[in-house]
Structure formats: C-alpha cells, structure tokens
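Below is one structure, written out as structure tokens; the observations come after it.
2 protein chains.
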Amino acid sequence: MQNATGLAETYIERWSAAADLSGPCPVRDVLDKIGDKWSMLLVMTLACGPKRFNELHREVPDISQKMLTQTLRDLQRDGLVSRHVFDTKPPSVEYRLTDLGHSLIVPFGQLIEWANQSMPSIAKSRVSFDKVA
Amino acid sequence: MQNATGLAETYIERWSAAADLSGPCPVRDVLDKIGDKWSMLLVMTLACGPKRFNELHREVPDISQKMLTQTLRDLQRDGLVSRHVFDTKPPSVEYRLTDLGHSLIVPFGQLIEWANQSMPSIAKSRVSFDKVA
DNA sequence: CGGGATCCCCCTTGATACTG
DNA sequence: CAGTATCAAGGGGGATCCCG
Numbered sequence: 747m748q749n750a751t752g753l754a755e756t757y758i759e760r761w762s763a764a765a766d767l768s769g770p771c772p773v774r775d776v777l778d779k780i781g782d783k784w785s786m787l788l789v790m791t792l793a794c795g796p797k798r799f800n801e802l803h804r805e806v807p808d809i810s811q812k813m814l815t816q817t818l819r820d821l822q823r824d825g826l827v828s829r830h831v832f833d834t835k836p837p838s839v840e841y842r843l844t845d846l847g848h849s850l851i852v853p854f855g856q857l858i859e860w861a862n863q864s865m866p867s868i869a870k871s872r873v874s875f876d877k878v879a
Numbered sequence: 747m748q749n750a751t752g753l754a755e756t757y758i759e760r761w762s763a764a765a766d767l768s769g770p771c772p773v774r775d776v777l778d779k780i781g782d783k784w785s786m787l788l789v790m791t792l793a794c795g796p797k798r799f800n801e802l803h804r805e806v807p808d809i810s811q812k813m814l815t816q817t818l819r820d821l822q823r824d825g826l827v828s829r830h831v832f833d834t835k836p837p838s839v840e841y842r843l844t845d846l847g848h849s850l851i852v853p854f855g856q857l858i859e860w861a862n863q864s865m866p867s868i869a870k871s872r873v874s875f876d877k878v879a
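Residue numbers (the working numbering), protein chains in the order written: chain V, 747 to 879; chain Y, 747 to 879.
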C-alpha cells in the first residue's frame, strides 16, 4: 500500500494513459450516473437493506414517483440493483443492492468522506469569492 | 485499517446517521459537481500540472469556450482551482489545482478505478436487460 | 401497492458573434 | 490570448392522471 501522494500520482498517470478524449469514454458513462440527481441517493438508501417501492419513496420524499421508477430501472439495468416481485395482494416489490451495487459503497463512501471533510473549505471559498464579485 | 466489508459498514452507518434528507444536503451539492459534464474532466486534466486557457481547450476539444470558462469559474469559486493572470501581451492566464483540488484526486481516482473494473459487468448487465425488454 | 403515460417547464448546453 | 454576450434547442425532471 502506498501513501496518499503516491496514490494520487498513480491515478494521474493512469488517467493520462487512458485519456482518449475522442468519443464518449466509459468513465464518463459511469460518472453520469454518479452525478445523476437520485442514483447514489437510492444506492445509499438501499445500502442498509432491501426496501419496497413505497418504502423507498417514504425515505426519499422529495423524489417523484416517476423519477423513482426510472432511476430504479436504470440501476437495475446496470446490474447495481435487483428487483424481486412477490405475488401477494396487494403486490409487493422489493429492491436490493446486488454485489456489484454493494461494491460501489466503498469508493463512493470515500467521496462522501471527502465531501464532508472539504465542505467547510469549499463554503468559505465560495463566500470570499462571491464577496469579491 | 479495516477490510472492505468493515469499511462499507462504516460508510453505511455514517450515511444513516447523517441522512437528513429534508432540504439540500451538502453531499448532494458536491455530487452535482462530480457528475457535472466537465468539472472532473478538467480537474484530472489539471492534475498533471498547471495549464493555460487555450491549452486546456486543446486538451479537451469537445468543450465549448463558454463551458470551459464557466466550469473553471465554478471550480475556482469552490477553491479547487486557482487562477493566475500574467500581465503580458498577449495576456496569459494559468489555471492550477489548489491543495484542496489535489486532495480530490485520490477519492475520485478510486471511483474511476471502480468504474473501469465494473465496466464489463455493467455492459453485460445492460445487454441482457435490453434483450428481455 | 407499484407502477405507466402524458404534458410541460425550465435549466443546462451549444453555436455564434464580439471585445480588451 | 482569454474571455463576454446573446440566442436557440434539448432533455431532465416535476405534476398529474390512470391502471392492474
């Protein structure tokens, strides 16, 4: 295991090597989902265990039914989430993270970690930037 | 240092604890930038060293002048990038990552790493999903 | 309960032209 | 070289209604 500086250089190196900026890179494709308004929120909400549709809706109140459905479908399409229908009445549908989906928690968590730690600096920077402008 | 499973649980735990989903959380705020079409691309492009405006434009050809300007301003506003004007003629402006900006490379790199490793699975999942539909 | 279908707004992005 | 200003288009996403 290398230190943080070494890691950074490793990533920079790899990026430079892979940086074929002509055409849509696969990385962009994944990043679009990360940055998408709801995907990661749902992934983290599902991280603590499987949940049903309306259960998710309750835990993430400000998402519309449409976007909840759509985002879940996209996550399922990418194999991050699996969908299980129980043929009861009324019907019950359970969503849960796949292994692949679960594997996203650590790298994504690192980013959250960074975000939380960096928030104060970012906030201060914004204030002083806006003050000048 | 814990193993991957322990780490995941740590992040899940923290997320649950912090999940005040009422109102815009700071995490969403940061995620918007990550997912934004150009921010991370520019950060990684600047990772290997400072660059001037048109130099950046050459290395990321498919960005428009407008978005390049705008994205750089946002990054500067957040304190991830610093802007240095050299009063020569013709004028020269150099952009470089701040320490804060540099600190993003590692967590972001982890995500890229995940993306690259998971691409095959995701691609396969998509194919089989679309086949059914 | 768990969605699908539709309408519509607005915000981001791109293209183009101009400037110090 | 390093931007700014303006206009037009596209699609992401919300609101609403409907269905099995």
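Virtual Cβ for every residue (Gly too), placed ideally from N, Cα, C.
Listed by position along chain Y, the residues whose Cβ is nearer than 9 Å to that of TYR757(V) are MET790, ALA793, ILE851, VAL852, PHE854, GLY855, GLN856, ILE858 and GLU859. With a threshold of 7 Å between beta carbons, ILE780(Y) makes contact with chain V. Contact annotation, PRO853(Y) with LEU846(V): C-beta distance approximately 20 Å; criterion of less than 8 Å not satisfied.
In the three-state DSSP reduction, LYS870(Y) falls in the helix class (H, G or I). If only uninterrupted alpha helix (DSSP H) runs of at least 4 residues are considered, those enclosed by the stretch 799-841 of chain Y are 799-805 and 811-823. By the C-beta criterion, the stretch 825-836 of chain Y is judged not to be in contact with the stretch 797-816 of chain V, since fewer than 3 inter-stretch pairs fall below 8 Å.
Counting the other Cβ atoms within 10 Å of the Cβ of GLY795(V) gives fewer than 16, which makes it exposed. SER785(V) sits buried, since 16 or more C-beta atoms from the chains shown fall within 10 Å of its C-beta. In the three-state reduction of the DSSP assignment, LYS797(V) falls in the strand class.
Under the three-state reduction of DSSP output, LEU850(V) falls in the coil class, being neither helix nor strand. Secondary-structure assignment with DSSP links LEU843(V) through a beta bridge to VAL827(V). Distance check between SER849(V) and each of GLU840(Y), GLU801(Y), ASN862(Y) and LEU843(Y) places ASN862(Y) closest, using alpha-carbon atoms only.
Of all residues in the stretch 863-874 of chain Y, the ones placed with a Cβ closer than 7 Å to any Cβ belonging to chain V are SER864, MET865, SER867, ILE868, SER871 and ARG872, in chain order. Taking a C-beta cut-off of 8 Å against chain V, the contacting residues of the stretch 811-822 of chain Y are GLN822, listed in chain order. The three-state reading of DSSP puts TRP784(V) in coil, since its state is none of H, G, I, E or B. Remark: C-beta atoms of GLY855(Y) and TYR757(V) approach each other more closely than 7 Å. Think of a sphere of 7 Å around the beta carbon of SER762(V): the chain Y residues whose beta carbon falls inside it are CYS794, in chain order. Rounded to whole angstroms, the separation of the alpha carbons of PRO836(V) and LYS797(V) is 16 Å. Boundaries of the alpha helix (DSSP H) around ALA763(V): 750-764. Cα atoms of PRO866(Y) and ARG872(Y): separation of roughly 10 Å, rounded to the nearest angstrom. In the three-state reduction of the DSSP assignment, ALA861(Y) falls in the helix class, which pools H, G and I.
Between ILE851(V) and ALA793(V), the beta carbon gap of about 6 Å places them in contact (Cβ cut-off 8 Å).
In this structure, the straight-line span from the alpha carbon of LEU802(V) to that of SER810(V) is close to 11 Å.
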